[in-house]
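Report on the following structure.
Residue numbers (our numbering), protein chains in the order written: chain A, 960 to 1072; chain B, 163 to 274.
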C-alpha cells in the first residue's frame, strides 16, 4: 500500500545537537510538507517542497533545514539553533494540482534530554 | 492572513447522538476546505474535501457543508460511536500553491 513513512517515532535531542527526521513517500506525490504540532495549537508549516531540488520556508522555518534530493524523500533537520524543539512533527504530501487532500505520516515526537 | 477557528475545543456526547462540529475562516476566497481526523499520537487522516463550488460533501455517517460567503463550514456526524472519538481539524488553502492553514481542532469524546 502507498503511504508516508516517518522515522523514528520517538527522538531525543541533547543540547547543542542536530537531529534529522526522516520522511519517505511512495505515493509519487510532487509536493511534500513538514509541520510542527504543539499542544493546544494547530499545525504550523515549517518547510514545503513542490518539486525535487526546490523548497520554500513556511511560517516557522528558523532553526530548521530541509533537502529534497529525491522525489520520495524530504528529511527535516532540527538544528541546535531551534531553542524549543520539543513537539510532534508531521510530514505530508500531495499530488500536483489544486483541490487535492494532503496525506500524512504518523509523526515523530521529539523531546529534549 | 487566513485564520481558522474551531469551536468548541472539546465536546463529549453519549453514543448514538448526532453532533455538529464548527469551523470558521476569515478569508472567504478559498478553493476548497478539508476536514481531517487525528487519533492520539498519530498523523491526520483526510475525511472530506469540499470544493469551493460545492455546498456539501458526504461520506458514510459524515456530512460536511461549506458556506463561503459567511466563512463557515460544519461537519455533521450522525449516530456517533465510541470509535469516532478523536480530534477533528479543518484546513483551508492560504496564500500560496497547496499551502493550507489548520484550525486548532475539536476533541470529541463519544461515551458508550
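Virtual Cβ for every residue (Gly too), placed ideally from N, Cα, C.
Check: Select from 270/B, 269/B, 273/B, 252/B the residue whose C-alpha is nearest the C-alpha of residue 1002/A.; Outcome: 252/B
Check: In angstroms, rounded to a whole number, what distance separates the CA positions of residue 177/B and residue 239/B?; Outcome: 11 Å
Check: Can you name the residues of chain B whose CB is closer than 7 Å to the CB of residue 1069/A?; Outcome: Per Cβ cutoff of 7 Å: no residues; residue 1069/A is ~13 Å from chain B at best.
Check: Which residues mark the beginning and the end of the beta strand (DSSP E) in which residue 1016/A is found?; Outcome: 1013 to 1016
Check: Under 8 Å, Cβ to Cβ, is there at least one residue of chain A near residue 196/B?; Outcome: yes
Check: Please decide whether residue 1060/A counts as near chain B, where near means a Cβ-Cβ distance under 8 Å.; Outcome: yes
Check: Taking the CB atoms as reference points, tell me whether residue 1045/A and residue 1069/A lie closer together than 8 Å.; Outcome: yes
Check: Does residue 229/B come out as helix, strand or coil in the three-state DSSP assignment?; Outcome: strand
Check: Show which residues of chain B have a CB atom less than 8 Å away from the CB atom of residue 1001/A.; Outcome: 166, 251, 263, 264, 265, 266, 267
Check: Do the stretch 1036 to 1055 of chain A and the stretch 235 to 249 of chain B make contact, defined as three or more Cβ pairs closer than 8 Å?; Outcome: no
Check: Can you name the start and end residues of the beta strand (DSSP E) that residue 184/B belongs to?; Outcome: 181 to 187
Check: Taking the alpha carbon of residue 184/B as the point to measure from, which residue in 265/B, 245/B, 273/B has its own alpha carbon closest?; Outcome: 265/B
Check: Buried or exposed: residue 1017/A, going by 16 or more other Cβ atoms within 10 Å of its Cβ?; Outcome: buried
Check: Just the Cα atoms here: how many angstroms apart are residue 1021/A and residue 1040/A?; Outcome: 8 Å
Check: Enumerate, from N- to C-terminal direction, the unbroken beta strand (DSSP E) stretches of 3 or more residues contained entirely within the stretch 198 to 245 of chain B.; Outcome: 206 to 213, 218 to 221, 224 to 229, 234 to 239
Check: Taking 8 Å as the CB-CB cut-off, is residue 1004/A touching chain B?; Outcome: yes
Check: List the whole-angstrom C-beta distance separating residue 248/B from residue 199/B, where the pair is believed to meet the contact cut-off of C-beta under 8 Å.; Outcome: 5 Å
Check: With 16 other CB atoms within 10 Å as the buried threshold, where does residue 222/B fall?; Outcome: exposed
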